[in-house]
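K.L.:
Supplied in structure tokens, the structure appears directly below.
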Amino acid sequence: MKRLQWLDVSKGLAILFVVYFHFFRTVFEHYQLPPADWSGLVAGTMSILRGGWWQISGLGFHAVGAFIILSGWTLMQSTMGRAESGHFAWGAWYGARFVRLYPMYWVAHIVYLVSPFVARLEPVDGRIILSLLGLRFIDISMNFMYLNAAWWYFSMLIQFYLIFPLLFWGARKFGAWPFFLGACALGFFVRYLMLDVYPQHGFWILGGFAICRLPEFALGMALGMWHVGSTRTQRAQTAASSTELAGSPSPFGTHISSQRVAAVEGAARRGAGPATSRAEWFLLRGPGLIAGLILYPLALKLYDNGIAYVFCDFGTGACCFLATAGIAGLISRVAGLAKIVGLVGVYSYGLYLIHQPYVIWLGLRIRPQPISVFLFIFLITAAVLSAWGIFLEKTTNALVNNLLPVRKTARS
Numbered sequence: 112m113k114r115l116q117w118l119d120v121s122k123g124l125a126i127l128f129v130v131y132f133h134f135f136r137t138v139f140e141h142y143q144l145p146p147a148d149w150s151g152l153v154a155g156t157m158s159i160l161r162g163g164w165w166q167i168s169g170l171g172f173h174a175v176g177a178f179i180i181l182s183g184w185t186l187m188q189s190t191m192g193r194a195e196s197g198h199f200a201w202g203a204w205y206g207a208r209f210v211r212l213y214p215m216y217w218v219a220h221i222v223y224l225v226s227p228f229v230a231r232l233e234p235v236d237g238r239i240i241l242s243l244l245g246l247r248f249i250d251i252s253m254n255f256m257y258l259n260a261a262w263w264y265f266s267m268l269i270q271f272y273l274i275f276p277l278l279f280w281g282a283r284k285f286g287a288w289p290f291f292l293g294a295c296a297l298g299f300f301v302r303y304l305m306l307d308v309y310p311q312h313g314f315w316i317l318g319g320f321a322i323c324r325l326p327e328f329a330l331g332m333a334l335g336m337w338h339v340g341s342t343r344t345q346r347a348q349t350a351a352s353s354t355e356l357a358g359s360p361s362p363f364g365t366h367i368s369s370q371r372v373a374a375v376e377g378a379a380r381r382g383a384g385p386a387t388s389r390a391e392w393f394l395l396r397g398p399g400l401i402a403g404l405i406l407y408p409l410a411l412k413l414y415d416n417g418i419a420y421v422f423c424d425f426g427t428g429a430c431c432f433l434a435t436a437g438i439a440g441l442i443s444r445v446a447g448l449a450k451i452v453g454l455v456g457v458y459s460y461g462l463y464l465i466h467q468p469y470v471i472w473l474g475l476r477i478r479p480q481p482i483s484v485f486l487f488i489f490l491i492t493a494a495v496l497s498a499w500g501i502f503l504e505k506t507t508n509a510l511v512n513n514l515l516p517v518r519k520t521a522r523s
């Protein structure tokens, strides 16, 4: 199944927003905005821009929810393509997932241990064994954020991969949206129990128990199914109309009819190429971006009390996803920029695994900084870390593919 560039761009935007957030939180940990100055037009405008930048920067962790949705989409789409090809076995699927996830995860541990310029906030001790296994949810208060706090996401991800065959079966059996509603009901019910009825450590809600983030993952799966289904429907309709047109009689004789057939076949081939599904139209052409921006303030209201917080991660993650996909649609129109951000998205896994200790180390040494200088430093830092992450991931994947040539690891 053809890789969607805008999905890679969306992943690139999401992971860069996460990197930015971790850098921002470190540099401006003790910073307080100066009082708003309304003494003049310029001063008032600067106060508005400064306040808007501060608020938007603080939303960077919502990109994690967007990334969960994107992961559900890409995993569902790629698995559907393989399942429908007729050559598919869950054992091989698990093997491919293992060699896709764990080698780079282990490399990230090695990089953390030997690399200079990283923040080492905790001692290396026996907990590293559970970290290497990905079982950071065991004794969750001690292990979930151990060494590199960003690695909590890995523990959640392997849980989703473990139960994915069941989720895939449910989505195929009941359809995209009934499955999504059922997954939301389960996820929200578990969150309600763990937040209000039998309160548990917040790390479980964050992702230590993956079912608490199932609504976001299921939304991505449902959107992926919707995209595949609507794209195929569009292509089938194009092929049917082309066949009907080619078969219609021509008053100009056989020569003109053959020209018509050739033209129609060419149009059909073009139609069989990249097709814009209803999902893509909604997400990339503006409606999704507008909806995300309108709904975002309402999603932020879900932080107000315990009951509403049951739905908070889903609401903020979905709004961030809509905004990210909408911006990705705009970026995709600029070929050069889309290629760069898309490349970051393709190798977002490596950047995710290695970035946080570096940005904390640097942030602790440069704070405080003027906003403009901070943004300039971030752009340089993001470029360097992206290149480093891409190099590590490409090298690791190449080594794994050489050692295990029978298994071809696929990015998701």
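Heads up: the sequence shown runs through residues 112 to 523, numbered per this note's numbering. The beta carbon of each residue, even a glycine, is placed where N, CA and C say it ideally should be.
Using a threshold of 8 Å, state whether the C-beta atoms of Arg-208 and Met-267 are closer than that.
P.N.:
no
K.L.:
To the nearest whole angstrom, what separates the beta carbons of Ala-436 and Leu-330, a pair I think is in contact under 8 Å?
P.N.:
Rounded, the Cβ-Cβ distance is 12 Å, inconsistent with contact.
K.L.:
Report buried or exposed for Lys-505, applying the criterion of at least 16 other Cβ atoms within 10 angstroms of its Cβ.
P.N.:
Taking all protein chains in view, the Cβ of Lys-505 is surrounded by fewer than 16 other Cβ atoms within 10 Å, so the residue is classified as exposed.
K.L.:
Looking at Gly-440: is its Cβ nearer than 8 Å to the Cβ of Arg-389?
P.N.:
no
K.L.:
Three-state secondary structure (DSSP) at Glu-391?
P.N.:
helix
K.L.:
By DSSP, does Glu-504 sit in helix, in strand, or in coil?
P.N.:
It is helical.
K.L.:
Does the distance from the CB of Phe-299 to the CB of Val-421 come in under 8 Å?
P.N.:
yes
K.L.:
Just checking my contact of Cys-423 with Leu-433 at CB under 8 Å: how many whole Å lie between their CB atoms?
P.N.:
With 8 Å as the limit, Cys-423 and Leu-433 do not qualify as a contact, their Cβ atoms being about 16 Å apart.
K.L.:
Using the three-state DSSP reduction, which class does Leu-490 fall into: helix, strand or coil?
P.N.:
Correct three-state label for Leu-490: helix.
K.L.:
Please report the residue range of the alpha helix (DSSP H) in which Glu-195 lies.
P.N.:
173-196
K.L.:
So, under 8 Å CB-CB, Gly-461 and Leu-503 are touching, yes? Tell me the CB distance rounded to an integer number of Å.
P.N.:
Confirmed, about 5 Å.
K.L.:
Please classify Gln-116: does DSSP put it in a helix, a strand, or coil?
P.N.:
helix
K.L.:
Please look up how many angstroms separate the CB atoms of Pro-73 and Thr-427, rounded, as I've assumed it's under 8 Å.
P.N.:
Only positions 112 to 523 of the chain appear in this structure, which leaves residue 73 out of reach.
K.L.:
By the 10 Å Cβ neighbour count, where 16 or more other Cβ atoms means buried, how is Leu-144 classified, buried or exposed?
P.N.:
exposed
K.L.:
Could you say which of Met-253, Val-153, Gly-286, Ala-200 lies nearest to Gly-313 if we only look at CA atoms?
P.N.:
Met-253
K.L.:
In terms of alpha-carbon separation, which member of Ser-150, Leu-127, His-173 lies closest to Tyr-407?
P.N.:
The closest CA to that of Tyr-407, considering only Ser-150, Leu-127, His-173, is found on His-173.
K.L.:
For the alpha helix (DSSP H) containing Val-549, name the first residue and the last one.
P.N.:
Residue 549 cannot be examined here, being either before or after the span of the chain that is shown, 112 to 523.
K.L.:
Return the Cβ separation of Leu-475 and Thr-137 in integer angstroms, given the expectation that the two are a contact with Cβ distance under 8 Å.
P.N.:
6 Å
K.L.:
For the alpha helix (DSSP H) containing Pro-276, name the first residue and the last one.
P.N.:
263-285
K.L.:
Can you find the residues in the same chain that come closer than 6 Å, C-beta to C-beta, to Phe-248, ignoring five residues on each side of it along the sequence?
P.N.:
Ser-266, Gly-319
K.L.:
Check Asn-512 in the structure and name its three-state DSSP category.
P.N.:
helix
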